[in-house]
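Asks:
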């Protein structure tokens with residue numbers, strides 16, 4: 015694999031991971047997946063990174079696993095295939111949901127199919143280009159969604175519609191995806207990254223401790239009862255209340271000006 019098939023760029027608090035196999039519609043290889051995992055871990059550990067953006071180059075966002083990769087796993091044993099998915103591909107959803115508490119935004123620049131769509135679903139927010147198209151295409155290969163689609167999709171758009179898309183593999187366009195709640199915003203193709211970065215910059219300038227605590231509280235709350243969730247958030251609230259960002263927020267209100275957050279609490 016060329017080292018250029020997946021890229022990491024960091025600039026002014028924003029890390030951008032770009033899938034860069036446009037001639038293959040950004041279908042991923044094993045090597046790309048492993049570098050992807052490494053990039054996510056690096057972004058989590060780098061205090062200078064406040065927001066992560068995931069996007070693709072060319073006309074596609076990602077069309078899932080490379081055909082050669084699928085053919086290779088199909089020639090192994092069922093156990094070997096399961097272990098391959100678990101040890102490599104599924105590291106990404108586990109990292110994104112259990113480890114990375116920084117905001118992650120998918121800038122979906124084009125077609126997102128199968129595991130490529132699932133990679134977008136596991137991000138916190140999804141901004142789409144007007145030309146983007148979406149499909150959980152596993153069914154056309156006689157497969158099940160192996161990268162979290164059966165978990166993420168119904169949580170975003172409801173069980174009935176998720177099953178319809180999973181069972182049919184039908185494509186939907188960006189406008190329908192927005193109506194369903196699958197994507198947050200839709201932009202003209204040539205404005206997608208510009209608008210994504212504008213939003214990311216808002217988060218970079220926001221109170222980092224509170225932003226990361228909110229993300230953890232939301233995802234942890236999905237697995238808790240109300241009492242446990244309230245117990246957790248009261249602890250988060252107490253900690254946030256003693257940060258420099260909170261003090262700045264109070265001061266800004268009294269002085270009738272926008273707050274200037276510069277998180278230094280570690």
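In the numbering used here, the protein residues as written are 15 to 280. Note that the Cβ used here is the ideal one computed from N, Cα and C, for glycine as well.
Grouping DSSP H, G and I as helix and E and B as strand, with all else coil, what is residue 137?
Replies: Under the three-state reduction of DSSP, residue 137 is assigned to coil, being neither helix nor strand.
Asks: Measure the C-alpha to C-alpha separation of residue 91 and residue 97 and round it to an integer number of angstroms.
Replies: 10 Å
Asks: How big is the Cα-Cα spacing for residue 260 and residue 237?
Replies: 28 Å
Asks: With burial defined as no fewer than 16 other Cβ atoms inside 10 Å of the residue's Cβ, what is the status of residue 120: buried or exposed?
Replies: buried
Asks: Indicate whether residue 185 and residue 132 have their beta-carbon atoms separated by less than 8 Å.
Replies: no
Asks: Under the three-state reduction of DSSP, which class applies to residue 187: helix, strand or coil?
Replies: Residue 187 falls in the strand class under three-state DSSP.
Asks: Please state whether DSSP places residue 242 in a helix, a strand or coil.
Replies: helix
Asks: Taking the alpha-carbon positions, what's the residue 58 to residue 115 distance?
Replies: 8 Å
Asks: Who are the near neighbours of residue 218 in its chain, counting only those whose CB is closer than 8 Å to its CB and skipping five residues on each side?
Replies: 26, 27, 28, 64 and 65
Asks: With distances taken between CB atoms, is the gap from residue 143 to residue 103 smaller than 8 Å?
Replies: Annotated as distal: residue 143 and residue 103, with beta-carbon spacing of 8 Å or more.
Asks: Please list, in chain order, all residues of the same chain as residue 250 whose beta carbon is under 7 Å from its beta carbon, the five residues on each side excluded.
Replies: 227 and 231
Asks: Less than 6 Å between C-beta atoms, sequence neighbours within five positions excluded: which residues of the same chain meet that for residue 127?
Replies: 77, 78, 149 and 151
Asks: Which of helix, strand or coil does DSSP assign to residue 23?
Replies: strand
Asks: Residues in the same chain with beta-carbon distance under 6 Å from residue 163, minus the five sequence neighbours each way, listed in chain order, please.
Replies: 132 and 150
Asks: Would you mind stating whether residue 42 and residue 22 have Cβ atoms separated by less than 8 Å?
Replies: no
Asks: Can you tell which of 51, 20, 68 and 257 has the C-alpha that lies nearest to the C-alpha of residue 30?
Replies: 68
Asks: For the beta strand (DSSP E) holding residue 147, just list the boundary residues, first then last.
Replies: 147 to 149
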